[in-house]
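Residue numbering for the sequence shown is 85 to 393, as defined by the numbering used here.
C-beta: ideal position from N, C-alpha, C; glycine also.
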Amino acid sequence: MKTMSNQTPKSSLALMKQLSHSIKQGLETGERYVELLNVLANDQDPAVLLDATKDLTKLNLTSNYVKLPEHYNFADYYLIFIDRLLGLLKAQNTRLQGDHNDLRMQIAELGEDVAFKFERRIETNEVCFADQEYHLALFSLDLEHRVLGFNSQALVDFFVVNHSYQTANDLQNAVAPLINLAKFVQNELNFTIDLGILDTDNQFGYYLNRPDLHTTVIDKLFVATADTGYFLMNLPKSNGAELELEDQVKLQIKFDPQLEEPQWYFMVQDQASRVSFFDLLLNSDLIQKWYLDNRDDLAVRPSNLGGLK
Numbered sequence: 085m086k087t088m089s090n091q092t093p094k095s096s097l098a099l100m101k102q103l104s105h106s107i108k109q110g111l112e113t114g115e116r117y118v119e120l121l122n123v124l125a126n127d128q129d130p131a132v133l134l135d136a137t138k139d140l141t142k143l144n145l146t147s148n149y150v151k152l153p154e155h156y157n158f159a160d161y162y163l164i165f166i167d168r169l170l171g172l173l174k175a176q177n178t179r180l181q182g183d184h185n186d187l188r189m190q191i192a193e194l195g196e197d198v199a200f201k202f203e204r205r206i207e208t209n210e211v212c213f214a215d216q217e218y219h220l221a222l223f224s225l226d227l228e229h230r231v232l233g234f235n236s237q238a239l240v241d242f243f244v245v246n247h248s249y250q251t252a253n254d255l256q257n258a259v260a261p262l263i264n265l266a267k268f269v270q271n272e273l274n275f276t277i278d279l280g281i282l283d284t285d286n287q288f289g290y291y292l293n294r295p296d297l298h299t300t301v302i303d304k305l306f307v308a309t310a311d312t313g314y315f316l317m318n319l320p321k322s323n324g325a326e327l328e329l330e331d332q333v334k335l336q337i338k339f340d341p342q343l344e345e346p347q348w349y350f351m352v353q354d355q356a357s358r359v360s361f362f363d364l365l366l367n368s369d370l371i372q373k374w375y376l377d378n379r380d381d382l383a384v385r386p387s388n389l390g391g392l393k
C-alpha cells in the first residue's frame with residue numbers, strides 16, 4: 085500500500101519562493117518610491133532634489149504582484165523637480181496644476197489656458213519643456229549629464245510669433261523664471277547651460293543657422309531705417325553692420341574676417357549687459373519685422389549644445 089508524502093514537491097516550493105521574493109521586491113520598490121517622493125516634496129537641498137529626481141526616473145514600478153494604482157510618470161518628476169527649484173528661488177508667477185493624471189505648469193503672465201509639460205522626444209533622445217498647444221520645446225533638460233539648453237527657434241515661435249498679441253513686458257516676465265532656473269542650476273548644480281537668444285552677455289554671439297548671408301538682407305535693414313532716425317553703419321573692418329537703438333543699445337550683425345569660412349552672427353551690446361537679442365525682438369518693431377521677414381536667412385541656431393534640432 086502506497087503512502088502519501090508529507091513533502092511539498094520541489095517545483096511548488098520554488099514557485100512559493102519566487103512568489104515571496106517577487107512580493108518582497110514589489111513592496112521594497114513601493115517603499116523606495118514613497119521615500120523618494122517625500123524627499124522630492126520636502127528637501128531643501130538642490131543636489132538632494134536632483135538625485136531623488138534621477139532615482140525616480142529610473143525606478144521600475146511595474147510588478148505583477150504589487151500594484152501602485154496611482155503614481156506619477158517619467159516626465160512628471162522633471163516638472164516637480166523644476167517646480168521645487170523655482171520654489172527655492174521664490175518665483176511668484178509659476179505654479180503646478182493638476183494631479184498625477186494631468187500634471188502641468190502654468191506661468192501667470194501667459195494665462196490659465198497655456199500649460200507646460202516635459203515631453204520625451206524620441207527622435208533626439210531629449211526631455212523637453214514644451215507648451216501643450218504647439219508642443220514647442222523651449223528648453224531641454226538632461227539631468228544625468230547636467231545640461232540645460234534653450235531652443236532659440238522655439239523661443240521665437242512661441243513668444244514672438246504665437247504670443248505677439250501680448251505686451252513685451254508680460255512676455256519678458258513670463259520667461260524670467262526660466263532664465264533664473266537655468267542660472268540657478270548652473271551655479272548650484274554645475275550644469276552646463278545655453279541661454280541662446282536669452283543671453284545678455286555683451287560678448288555672446290548669436291550665430292546664424294545658415295553659414296552664409298546675402299548682404300541684400302542687411303540692405304533691407306538699411307532701407308527700413310530710412311524714416312526712423314536710426315542709422316545703420318558699416319563696421320570698421322567691413323565685416324558687417326551696426327545699428328544703434330534707444331538707450332545706447334547696439335545691434336551688430338557680423339562675421340570674423342580672420343576665419344577661412346566666416347560665420348555670421350548677431351551681437352547685442354549695452355552698458356549694463358542686460359539686453360538680449362530676445363529683448364530686442366520683443367521691444368523693437370523694426371528689428372522684429374526685419375528678422376521675421378527674413379527669417380530663412382537670419383534665423384539664429386536652435387542651440388549651441390549640439391541638440392535641440
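query = Tell me which same chain residues have a C-beta within less than 6 angstroms of the C-beta of W348, skipping the five on either side of it?
reply = Taking the first residue of the sequence shown as 1, we reach residue 348 at position 264. Around W348: L292, L297, F339.
Cβ distance (whole Å) where L232 is taken to contact L222 below 8 angstroms = As a first step, residue 232 must be located in the sequence shown, where it is residue number 148. As a first step, residue 222 must be located in the sequence shown, where it is residue number 138. Actually they are not in contact, since the Cβ atoms of L232 and L222 sit about 11 angstroms apart, beyond 8 angstroms.
key: Exposure of R363, with buried meaning 16 or more beta-carbon neighbours within 10 Å   = Residue mapping note: residue 363 aligns to position 279 of the sequence shown, counting from 1. A small fix is needed here, since residue 363 is Asp in this sequence, not Arg. It is buried - the Cβ of D363 has at least 16 other Cβ atoms within 10 Å.
message = Given this structure, state the Cα-to-Cα distance separating I166 from L265, to the nearest angstrom.
response = Working through the sequence shown from its first residue, we reach residue 166 at position 82. Working through the sequence shown from its first residue, we reach residue 265 at position 181. Roughly 8 angstroms between the two C-alpha positions.
ask   = Where L163 and L273 are concerned, what is the direct C-alpha to C-alpha distance, given to the nearest angstrom?
value = Against the sequence shown, residue 163 aligns to sequence position 79. Against the sequence shown, residue 273 aligns to sequence position 189. Cα to Cα, L163 sits roughly 17 angstroms from L273.
request  = Please work out which residues of its chain come closer than 6 angstroms, Cβ to Cβ, to R204, disregarding the five sequence neighbours upstream and downstream, and give them in chain order.
outcome  = Here residue 204 corresponds to residue number 120 of the sequence shown, with the count starting at 1. Excluding sequence neighbours, R204 sits near V211.
ask   = Count the other CB atoms within 10 Å of the CB of F395; is the residue buried (16 or more) or exposed (fewer)?
value = Since the first residue of the chain shown is 85 and the last is 393, residue 395 is not available in this structure.
ask   = According to the neighbour-count rule (16 or more other Cβ atoms, all chains shown, within 10 Å of its Cβ), is P295 buried or exposed?
value = As a position in the sequence shown, residue 295 is number 211, starting the count at 1. Per the 10 Å Cβ criterion, exposed.
task = Compare the C-alpha of E193 against each of R179, K201, I371, H184 and name the closest.
result = Taking the sequence shown and counting its residues from 1, one reaches residue 193 at position 109. If we check each option's Cα against that of E193, R179 comes out closest.
task = Please go through the same chain and pick out, in chain order, the residues whose beta-carbon is closer than 8 angstroms to the beta-carbon of T141, but skip the five residues on each side of it.
result = Taking the sequence shown and counting its residues from 1, the one referred to as residue 141 is at position 57. Contacts found: F158, Y161, Y162, L227.
inquiry  = I'd like the ranges of any alpha helix (DSSP H) spanning at least 4 consecutive residues and lying wholly in the region 331–369.
reply    = Counting only runs of 4 or more, we get 361–367.
message = Is the beta carbon of N235 closer than 7 angstroms to that of P386?
response = Taking the sequence shown and counting its residues from 1, one reaches residue 386 at position 302. Taking the sequence shown and counting its residues from 1, one reaches residue 235 at position 151. Closer than 7 angstroms, so yes.
message = Between which two residues does the alpha helix (DSSP H) holding E272 run?
response = Working through the sequence shown from its first residue, we reach residue 272 at position 188. From DSSP, the alpha helix (DSSP H) with E272 extends over 252–273.
message = Could you compute how far the alpha carbon of L329 sits from the alpha carbon of G182?
response = Your numbering for residue 329 matches position 245 in the sequence shown. Your numbering for residue 182 matches position 98 in the sequence shown. Near 44 angstroms, if we compare the C-alpha coordinates of G182 and L329.
inquiry  = On the DSSP bridge list, what partners appear for G324?
reply    = Position 240 of the sequence shown, counting from 1, holds the residue named residue 324. Looking at the DSSP assignment, G324 forms a beta bridge with K338.
query = Rounded C-beta distance between E345 and Q336? I'm assuming under 8 angstroms.
reply = Position 261 of the sequence shown, counted from the start, is the residue given in the question as residue 345. Position 252 of the sequence shown, counted from the start, is the residue given in the question as residue 336. With 8 angstroms as the limit, E345 and Q336 do not qualify as a contact, their Cβ atoms being about 20 angstroms apart.
message = Here's a check: name, in chain order, each residue in its chain whose Cβ is nearer than 8 angstroms to the Cβ of N128, leaving out the five neighbours to either side.
response = Position 44 of the sequence shown, counting from 1, holds the residue named residue 128. Contrary to the premise, residue 128 reads as Gln rather than Asn in this sequence. Within the same chain, Q128 has close Cβ partners L172.
task = Please report the residue range of the beta strand (DSSP E) in which L316 lies.
result = Translated into positions along the sequence shown, residue 316 becomes position 232. First-last of the beta strand (DSSP E) with L316: 316–318.
message = Helix, strand or coil, according to DSSP, for V198 in the structure here?
response = Here residue 198 corresponds to residue number 114 of the sequence shown, with the count starting at 1. Of the three classes helix, strand and coil, the one that applies to V198 here is coil, per DSSP.
query = Between A238 and L220, is the Cβ-Cβ spacing less than 7 angstroms?
reply = In the sequence shown, the residue the question calls residue 238 occupies position 154. In the sequence shown, the residue the question calls residue 220 occupies position 136. With contacts defined by Cβ atoms closer than 7 angstroms, A238 and L220 form a contacting pair.
ask   = Based on Cα-Cα distance, which residue from G313, R188, Y218, L366 lies nearest to N257?
value = What you label residue 257 is simply residue 173 of the sequence shown in a count that begins at 1. Check the Cα spacing between N257 and each of G313, R188, Y218, L366: the tightest is with L366.
ask   = From I206 to D139, what does the alpha carbon distance come to, in whole angstroms?
value = Working through the sequence shown from its first residue, we reach residue 206 at position 122. Working through the sequence shown from its first residue, we reach residue 139 at position 55. Each residue's alpha carbon lies about 21 angstroms from the other.
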